[in-house]
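Input: a single structure, listed below in structure tokens.
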Amino acid sequence: DAKTTQPNSMESNEEEPVHLPCNHSTISGTDYIHWYRQLPSQGPEYVIHGLTSNVNNRMASLAIAEDRKSSTLILHRATLRDAAVYYCIRTDSGNTPLVFGKGTRLSVIA
Amino acid sequence: ETGVTQSPTHLIKTRGQQVTLRCSSQSGHNTVSWYQQALGQGPQFIFQYYREEENGRGNFPPRFSGLQFPNYSSELNVNALELDDSALYLCASTRGAGLYNEQFFGPGTRLTVL
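Here the protein sequences line up with chains Z and R, keeping their order.
Under this note's numbering, the residue at position 68 of the first sequence is numbered 130, and the numbers go up by one with no gaps.
Under this note's numbering, the residue at position 73 of the second sequence is numbered 83, and the numbers go up by one with no gaps.
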């Protein structure tokens, strides 16, 4: 059970911002939210993770709702290389592994 | 810094055979996890090794087994192959066994069982 809900697919124009939503309504106080992406013919790669506060790194931003029941991965300017499947993953406190759902397939149009 | 490597890239086996897949973890990483990814699905956790000991297992039968070596490289062994074992097998390495450490994935081994 992935414990997160994401749209199956989204589409974006190149050089425009992309907001990828994720619902995790049963999240508990110590659960982290992780985002990984998988480019075609590659293994997944880490994008970003957070607990409560919004997070920024060189790849993306993560906006976490105040009630933590949802979050949004923001790609500030989509490029063709950002076309991938994006996975939103919730990790429990304790020693549990990454549980992937089907993710959101992002298509970027030139 | 050398990334995660896996071998072989592709493999074809027949039902009932046994297979060994190999993974070299990223330099400085002592934890390796294995995942199975069926076509169109997200990766599913098989097991994790930390300092040569199994440190967690997903919902996979005992015919899926593993090893981790002193240099932290790892093997995934699958016995009595079934058609449904056809998938992309991914390994991921990280530093330490904590959840919050970024996992680095290899490119995977594509296994086809005929």
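Glycine is no exception: its CB is placed at the ideal position from the N, C-alpha and C atoms.
query = I think Leu-121 (chain R) touches Ala-97 (chain R), with their Cβ atoms under 8 Å apart; what is that distance to the nearest whole Å?
reply = Taking the first residue of the second sequence as position 1, residue 121 (chain R) is located at position 111. Taking the first residue of the second sequence as position 1, residue 97 (chain R) is located at position 87. Confirmed, Cβ separation roughly 6 Å.
task = Could you tell me whether the Cβ atoms of Gly-165 (chain Z) and Gly-116 (chain R) are closer together than 9 Å?
result = Your numbering for residue 165 (chain Z) matches position 103 in the first sequence. Your numbering for residue 116 (chain R) matches position 106 in the second sequence. Against a cut-off of 9 Å, the Cβ pair of Gly-116 (chain R) and Gly-165 (chain Z) comes out as no contact.
query = Any idea what DSSP makes of Leu-142 (chain Z), helix, strand or coil?
reply = What you label residue 142 (chain Z) is simply residue 80 of the first sequence in a count that begins at 1. Helix.
query = Would you call Gly-52 (chain R) buried or exposed, if buried means 16 or more other Cβ atoms sit within 10 Å of its Cβ?
reply = Taking the first residue of the second sequence as 1, we reach residue 52 (chain R) at position 42. Gly-52 (chain R) counts as buried, since no fewer than 16 other beta carbons sit within 10 angstroms of its beta carbon.
Beta-bridge partners of His-111 (chain Z), as assigned by DSSP = Within the first sequence, residue 111 (chain Z) is the residue found at index 49, counting from 1. The partner list for His-111 (chain Z) (beta bridge, DSSP) reads Z:His-96.
task = Grab me the residues of Ile-22 (chain R)'s own chain with a C-beta within less than 6 Å of its C-beta, minus the 5 sequence neighbours each way, in chain order.
result = For the purposes of this step, residue 22 (chain R) is identified with residue 12 of the second sequence, where counting begins at 1. Thr-122.
query = According to the Cβ coordinates, are Leu-31 (chain R) and Asn-87 (chain R) closer than 9 Å?
reply = Along the second sequence, read from residue 1 onward, the residue named residue 31 (chain R) stands at position 21. Along the second sequence, read from residue 1 onward, the residue named residue 87 (chain R) stands at position 77. Contact: yes.
query = Going along the chain, which residues of its own chain have a beta-carbon closer than 8 Å to the beta-carbon of His-111 (chain Z), five neighbours each way excluded?
reply = Along the first sequence, one-based indexing puts residue 111 (chain Z) at 49. Contacts found: Tyr-94, Ile-95, His-96, Trp-97, Val-117, Leu-124.
task = Determine the direct distance from the alpha carbon of Thr-19 (chain R) to that of His-86 (chain Z), and round the result to whole angstroms.
result = In the first sequence, residue 86 (chain Z) corresponds to position 24, counting from 1. In the second sequence, residue 19 (chain R) corresponds to position 9, counting from 1. Each residue's Cα considered, the two are about 35 Å apart.
key: Helix, strand or coil at Leu-49 (chain R) according to DSSP, with G and I counted as helix   = As a working mapping, residue 49 (chain R) is identified with position 39 in the second sequence. It is coil, neither helix nor strand.
query = Is there at least one Cβ from chain Z nearer than 9 Å to Tyr-82 (chain R)'s Cβ?
reply = Locating residue 82 (chain R) in the second sequence gives position 72, where the first residue counts as 1. No, because no Cβ of chain Z sits closer than 9 Å to the Cβ of Tyr-82 (chain R).
inquiry  = I need the straight-line Cα distance from Leu-168 (chain Z) to Tyr-148 (chain Z), nearest angstrom please.
reply    = Residue 168 (chain Z) sits at position 106 when you count from the first residue of the first sequence. Residue 148 (chain Z) sits at position 86 when you count from the first residue of the first sequence. If you take the alpha carbons of Leu-168 (chain Z) and Tyr-148 (chain Z), they lie about 7 Å apart.
request  = With distances taken Cα to Cα, identify the nearest neighbour of Tyr-82 (chain R) among R:Ser-17, R:Gly-26, R:Thr-15, R:Val-42.
outcome  = Stepping through the second sequence from its first residue, residue 82 (chain R) is reached at position 72. Comparing Cα-Cα distances from Tyr-82 (chain R) to each of R:Ser-17, R:Gly-26, R:Thr-15, R:Val-42, the minimum goes to R:Val-42.
query = Considering only the beta carbon of each residue, do Ser-35 (chain R) and Ser-84 (chain R) sit closer than 9 Å?
reply = Here the question's residue 35 (chain R) lines up with position 25 in the second sequence. Here the question's residue 84 (chain R) lines up with position 74 in the second sequence. In this structure, Ser-35 (chain R) lies near Ser-84 (chain R), with their beta-carbon atoms less than 9 Å apart.
key: Proximity test, Gln-78 (chain R) beta-carbon vs the ligand SAM heavy atom, cut-off 8 Å   = In the structure shown, the ligand SAM is absent, as is every other ligand, since no ligand is present at all.
task = State the start and end residues of the unbroken beta strand (DSSP E) segment that holds Met-72 (chain Z).
result = For the purposes of this step, residue 72 (chain Z) is taken as the residue at position 10 of the first sequence. Met-72 (chain Z) -> beta strand (DSSP E) spans 71-75.
request  = Verify whether the separation of the beta carbon atoms of Phe-55 (chain R) and Pro-159 (chain Z) is less than 9 Å.
outcome  = As a working note, residue 55 (chain R) is residue 45 in the second sequence. As a working note, residue 159 (chain Z) is residue 97 in the first sequence. Cβ atoms of Phe-55 (chain R) and Pro-159 (chain Z): closer than 9 Å.
ask   = Shortest alpha-carbon distance to Asp-94 (chain R) belongs to which of R:Thr-24, R:Phe-57, R:Arg-67?
value = For the purposes of this step, residue 94 (chain R) is taken as residue 84 along the second sequence, with counting starting at 1. Nearest C-alpha to Asp-94 (chain R): R:Thr-24.
request  = Taking only beta carbons into account, state which residues of the region 99-115 of chain Z come closer than 8 Å to chain R, listed in chain order.
outcome  = Result list: Ser-103, Gln-104, Gly-105, Pro-106, Glu-107, Tyr-108, His-111.
query = Closer than 9 Å, CB to CB, is Lys-65 (chain Z) near chain R or not?
reply = One-based indexing of the first sequence puts residue 65 (chain Z) at position 3. No, because no Cβ of chain R sits closer than 9 Å to the Cβ of Lys-65 (chain Z).
inquiry  = Quick check on the DSSP output: what are the complete beta strand (DSSP E) runs of length 3 or more inside the region 41-115 of chain R, in order along the chain?
reply    = 41-47, 54-60, 63-67, 74-78, 84-88, 97-104
query = What does a CB cutoff of less than 7 Å around Leu-113 (chain Z) pick up in its chain, not counting 5 residues either side in sequence?
reply = Walking along the first sequence from the start, residue 113 (chain Z) turns up at place 51. The answer, listed in chain order, is Tyr-94.
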